[in-house]
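Chains as they are written, first to last, in the UniProt record's numbering: chain Z, 1 to 336; chain R, 1 to 336; chain V, 1 to 336; chain P, 1 to 336.
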């Protein structure tokens with residue numbers, strides 16, 4: 001069954017709006033960052049990673065965002081372009097904003113953390129007037145990311161993008177991607193996440209992220225069913241709630257729950273799992289696959305990324321995902 | 001025909017959320033403020049004025065807002081209470097915010113202006129957590145005002161109040177009341193006005209205010225029909241567009257336009273006309289009157305206020321409005 | 001003995017830099033402000049009041065400051081000009097700042113308080129580049145006031161004015177005038193008050209104000225002698241420490257203490273006592289009078305102001321001060 | 001001749017107050033940063049580098065500063081401790097501030113630039129109350145750095161440190177180290193640099209830095225003599241004005257000019273030249289050497305640092321400086 005109908009006549013498969021930043025990944029891993037001497041630079045930011053992932057998988061993609069007028073900003077734009085992503089709506093800040101940074105610390109494959117630099121970040125300076133309606137009009141899907149709602153004027157830019165997407169029949173996916181930086185209060189966070197989610201067709205997030213959004217509501221048992229049915233009363237067709245190691249469940253408006261198998265992986269770090277999963281899943285959805293198959297594809301893509309040092313740079317091609325699944329089926333890959 | 005059905009079983013007829021401030025009206029009028037020596041203090045703010053108006057007309061009312069912890073704040077709360085308005089959800093700021101001020105300048109009955117003090121205003125400090133769901137649940141109608149959207153956290157408090165009103169079947173009226181103070185940009189203004197208006201049953205504003213909201217849209221002829229029909233695609237049942245001297249038009253979801261007669265007045269100043277009109281009109285609507293009769297009632301109430309020195313303190317009772325209409329019908333009142 | 005030598009050849013007797021604001025004095029007095037209906041508007045701000053006082057006493061004066069681009073700002077400039085004060089260096093803000101306000105509450109002659117509006121105040125927007133060196137070069141004395149140090153860029157403008165005054169041999173007086181509004185912390189306050197006071201010839205303040213400046217020092221007995229001798233190690237020639245009802249003491253670099261008689265008054269309110277005292281005292285000093293006679297003159301001027309409704313508008317002429325002293329000597333005036 | 005007398009009885013030779021940050025130096029050099037993949041982490045910040053330099057040269061040193069409550073902050077404190085620097089007055093921020101960063105770009109040995117992260121930097125959060133008087137009281141010399149004046153409350157902390165140093169007879173050195181980040185305006189910069197410099201015994205800066213400080217003055221020919229003599233009218237004993245490739249000149253209060261020979265170096269990058277020069281020069285001064293010899297020692301230390309990849313980590317010991325000079329004298333080192 002098809003849960004989401006994508007407009008077939010549009011030129012671009014996928015456009016994301018939001019955060020573009022730099023990951024600085026520790027080269028000496030399995031130790032605290034205090035003992036790390038060198039870092040390697042990659043493009044980062046959840047919507048950027050997902051877009052790179054979808055581009056690697058073969059879709060036509062574009063990005064709407066803002067970069068700093070410095071070496072880091074130019075590196076980002078160049079990397080997107082080299083990955084086949086249309087960057088005509090990636091604008092350059094002229095106010096002296098900087099590129100957001102994420103230093104990663106990998107104490108062990110399961111004990112990872114991030115040291116964020118988000119003050120005066122260029123991506124949050126995107127204004128509504130800089131969002132190009134024509135780019136959204138040309139897209140089958142628009143992905144928004146919660147971090148872009150964290151401050152003005154980026155917040156307003158996202159709400160305008162949502163309006164344009166509605167107007168032009170573009171399917172909207174919302175990757176909750178909640179990070180406490182930049183937000184003023186938990187109340188503010190809940191209000192804007194809810195306002196945005198009301199307009200979205202596909203919502204992906206962890207149980208904890210949905211809990212945060214239910215701050216002013218009654219869901220004492222933290223029931224996925226209660227959560228999903230709330231969003232089906234608005235625009236949602238698919239709500240994916242992730243339960244970490246216990247796997248993800250996709251709820252659909254017809255009342256069904258969908259689960260899929262997962263794959264083993266030799267884990268280096270957990271960063272990038274969600275982004276690669278989203279890329280694989282949305283790819284499957286656009287191919288018209290079942291939810292179950294799409295979710296499996298997302299899981300396999302995630303396994304590839306968490307077995308690697310980077311997030312963006314490790315995003316797999318279709319051949320790589322297919323190969324990974326095949327090797328798992330042959331029992332060639334085991335967990336660490 | 002009834003365009004809006006009010007829930008009959010609720011205890012409170014009307015609750016407003018938003019700005020509470022002080023008007024300082026020039027006592028020596030028909031001159032520039034530079035030549036004014038003394039000022040008289042009144043409670044002010046559009047939603048406050050409308051609530052006072054509806055309370056004078058006999059409705060059971062409440063207010064949700066925030067006041068400064070000073071003499072001005074205490075004066076406001078006391079005045080509301082003395083006017084029969086429930087103030088259990090009027091909270092007191094503890095951060096050192098001040099009471100917003102509006103010094104009025106009356107150069108002539110038609111040349112009036114306002115000198116605003118809105119920096120660090122207490123009313124804009126209302127947080128989502130301070131909005132009491134039970135007050136809204138007990139109300140037949142909730143009125144929001146655009147100035148409360150001008151800054152955080154008041155902006156988020158209004159969005160949460162809208163959610164509560166939706167949840168409890170409360171009719172929502174939106175008095176656009178756009179004032180440029182406090183807003184960061186015209187783009188930001190348009191985005192939040194639109195997000196709020198999508199959720200409202202009744203929208204009242206001037207043509208210029210609706211133009212401001214259509215910043216990112218196509219309505220080159222500034223057509224009222226285009227404007228109204230946009231909102232009927234969301235939640236609106238009634239859209240009133242005011243054209244100043246040319247009168248107001250009420251548009252309804254059934255495609256009808258409604259106009260009403262106006263009355264002559266001996267104008268002292270133009271301040272308060274919109275607030276008293278809104279009070280009279282909403283009163284009529286809740287009585288089950290036709291739109292035309294409700295609009296006339298609003299016009300008569302407005303005539304009384306613009307013939308007086310104050311806004312809030314001049315809000316009429318039903319007897320005063322009835323008497324004014326009767327005197328107009330007998331030809332006893334002529335314009336200046 | 002002459003404690004301060006004024007440069008005789010300069011054209012202007014006196015220039016002040018700093019706060020220009022509006023007092024809104026309650027017309028209905030001896031009650032809390034909640035019960036006050038009307039207010040009368042006057043020019044206010046300590047350095048403005050002192051300058052008006054010195055101009056009334058017959059000196060040639062100028063002011064360096066910044067006013068809002070509104071009716072209040074224009075009223076202030078006009079009032080200064082009408083009082084004979086040179087306003088060539090009173091600049092107009094173009095950033096949307098407002099005029100600082102002080103609503104006075106007079107519960108009784110001895111229980112007075114002020115409700116301040118200091119957010120986004122125009123006077124604190126004065127920049128160093130707007131301070132005209134030529135105005136200071138033409139002045140015998142420069143008066144600075146502590147409130148102008150409370151925020152940037154006014155703070156830097158005052159420090160530059162001090163440099164210009166030093167360079168051109170201008171006597172510098174510092175009216176401490178500490179008010180907690182606007183300052184970020186008590187530590188910040190102490191640091192800048194001390195930096196400024198180091199450069200001043202005459203320092204006037206209350207014991208509490210000097211205590212505030214000694215935050216990082218050892219003066220456990222709050223000794224006036226310790227306080228005064230600290231400043232004599234810098235630039236000070238005269239340090240006046242006010243002890244409220246117990247009178248003021250002038251300390252001089254030669255180790256002397258000077259006290260003067262005070263006069264009775266029918267007190268309406270206490271506001272303006274310090275400003276009129278400063279005006280009368282500095283006037284005497286410039287006339288070459290003894291400190292004792294100058295202090296008496298200040299006291300008599302203060303009595304006249306606290307017997308009146310306003311501060312600025314009640315500043316006396318020399319004839320009025322002389323008359324007041326004569327009437328006191330004849331026993332015609334008694335305290336209330 | 002001895003130009004500055006250091007108090008001999010104090011326990012600490014040298015204490016610096018100000019910036020502590022992280023340098024991220026490009027590993028792949030001689031290219032734009034866009035093409036750099038990996039960076040190595042070092043402790044940075046001009047006063048930190050100078051203190052590390054003096055500690056390596058054998059002096060007893062301490063630091064007064066503030067670090068972020070994160071991995072970068074802990075790395076900094078640990079590095080200082082390992083270098084023998086007393087860190088009892090290095091306090092940890094608890095407000096969520098971050099560690100300032102400096103990404104270095106080395107396009108060629110003479111074309112180097114820095115990409116700074118200074119928003120919400122922990123070092124600028126140091127408050128006056130956190131400056132320990134006892135640490136300064138125990139020090140023969142206090143070094144302040146201009147970047148610590150760039151924002152409150154660090155600015156006020158430095159002014160209080162200057163007061164403590166004056167009170168306890170501590171020699172004060174001012175490394176101008178002007179960087180435009182964080183400062184609000186050029187006017188503000190000039191005002192505070194001048195206020196601080198008035199209190200200092202030794203002032204080191206480039207001609208351009210002194211120009212910046214003379215914004216409100218007359219020195220149209222940018223004369224070093226005019227500049228130096230201004231500071232000798234305040235507290236200065238030695239003023240060093242650096243003219244880049246043309247070498248540095250030390251002016252002394254007796255009217256003398258002092259120049260010293262320089263040494264050849266195989267330059268990798270120019271960063272750190274000023275800090276290592278300052279360390280070597282101040283070391284010589286404290287040894288009682290002539291200005292000329294002290295300046296030479298500074299030059300040799302600088303040559304060693306600019307021949308290396310890092311700044312802090314390359315600071316030489318006395319043995320290394322002596323050896324460098326000896327090798328230069330033997331003609332073993334030539335420029336690149």
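We put the beta carbon where it would ideally sit given N, CA and C, even for glycine. Remember, predicted model here, so these are calculated numbers, not experimental data.
query	result
Quick check: residue 116 of chain V and residue 102 of chain V, are their CB atoms within less than 8 Å of each other?	yes
Apply the 10 Å Cβ neighbour rule to residue 322 of chain V and answer buried if 16 or more other Cβ atoms are within range, or exposed otherwise.	exposed
Out of curiosity, what's the CA-to-CA distance linking residue 258 of chain P and residue 238 of chain P?	10 Å
Using only CA atoms, which one of R:20, R:44, R:36 and R:8 lies nearest to residue 310 of chain R?	R:44
For the segment 187-236 of chain V, list the alpha helix (DSSP H) runs that are entirely contained and at least 4 residues long, ordered along the chain.	207-213 and 224-232
Counting only beta-carbon atoms, is residue 129 of chain R nearer than 8 Å to chain Z?	yes
Can you tell which of P:299, P:294 and P:306 has the C-alpha that lies nearest to the C-alpha of residue 271 of chain P?	P:306
Return the residues of the segment 188-212 of chain Z that lie within a Cβ-Cβ distance of less than 8 Å from chain R, sorted by chain order.	188, 190, 191, 192, 194 and 195
Using the Cα positions of residue 57 of chain Z and residue 172 of chain Z, report the straight-line distance between them to the nearest angstrom.	19 Å
Below 8 Å on the Cβ atoms is my contact criterion, and I expect residue 277 of chain V with residue 298 of chain V to pass it. Report the Cβ-Cβ distance as a whole number of Å.	4 Å
Within its chain, find whatever has a CB closer than 7 Å to the CB of residue 192 of chain Z; leave out the 5 residues flanking it on each side and keep chain order.	149 and 155
Within a Cβ cutoff of 8 Å, which residues of the same chain sit near residue 335 of chain V, ignoring the five residues on either side of it in sequence?	264, 265, 266 and 267
By the DSSP assignment, the alpha helix (DSSP H) with residue 328 of chain R in it spans what residues?	318-329
Could you tell me which chain P residues have their CB closer than 9 Å to the CB of residue 34 of chain Z, listed as they occur along the chain?	71, 72, 74, 75 and 78
Short of 8 Å Cβ to Cβ, which residues in the segment 38-72 of chain V face chain R?	38, 39, 40, 41, 70, 71 and 72
Just to check my reading of the structure: residue 85 of chain P and residue 76 of chain P have Cβ atoms closer than 8 Å, yes? What is that Cβ distance to the nearest angstrom?	Not quite, the Cβ-Cβ distance comes to about 11 Å (not below 8 Å), so this is no contact.
Give me the Cα-Cα distance between residue 92 of chain Z and residue 69 of chain Z, rounded to the nearest whole angstrom.	6 Å
Just grab the DSSP bridge partners of residue 119 of chain P for me.	According to DSSP, residue 119 of chain P bridges with nothing at all.
So, under 8 Å CB-CB, residue 12 of chain P and residue 62 of chain P are touching, yes? Tell me the CB distance rounded to an integer number of Å.	5 Å
For residue 31 of chain V and residue 31 of chain R, what's the separation of their Cα atoms in angstroms?	31 Å
Given a cut-off of 8 Å, decide if residue 162 of chain R and residue 196 of chain R are closer than it, judged by their beta-carbon atoms.	yes
Measuring only the C-alpha atoms, how far is residue 64 of chain Z from residue 90 of chain Z?	5 Å
In this structure, does DSSP put residue 154 of chain R in helix, strand or coil?	helix
Spatial neighbours of residue 4 of chain Z within its chain, please: C-beta separation below 8 Å, excluding the five flanking residues on both sides.	171, 201, 202, 237, 238 and 285
For residue 105 of chain Z, which three-state DSSP category applies?	strand
Exposed or buried, residue 269 of chain R, counting other C-beta atoms within 10 Å across all chains shown (16 or more means buried)?	buried
I'd like the ranges of any beta strand (DSSP E) spanning at least 3 consecutive residues and lying wholly in the segment 134-185 of chain Z.	141-145 and 171-175
So, are the CB atoms of residue 157 of chain Z and residue 142 of chain Z less than 8 Å apart?	no
Considering Cα atoms alone, identify which of P:279, P:330, P:329 and P:300 is closest to residue 320 of chain P.	P:300
Does any residue of chain R have a CB that is nearer than 8 Å to the CB of residue 117 of chain V?	yes
Who pairs with residue 86 of chain P in a beta bridge, going by DSSP?	P:62
Over the uninterrupted beta strand (DSSP E) stretch that includes residue 242 of chain Z, give me the two end residues.	238-242
Closer than 8 Å by C-beta to residue 33 of chain Z: which residues in its own chain qualify, once you throw out the five before and the five after it? Chain order, please.	26, 103, 105 and 115
Would you mind giving the Cβ-Cβ distance between residue 50 of chain V and residue 134 of chain V, rounded to the nearest angstrom? I have them listed as a contact below 8 Å.	That belief does not hold up - the Cβ atoms of residue 50 of chain V and residue 134 of chain V are roughly 22 Å apart, past 8 Å.
For residue 108 of chain P, is the classification buried or exposed, using 16 other Cβ atoms within 10 angstroms of its Cβ as the cut-off for buried?	exposed
Excluding the 5 residues preceding and the 5 following residue 138 of chain Z in the sequence, name in chain order all residues of the same chain whose CB lies nearer than 7 Å to its CB.	10, 11 and 12
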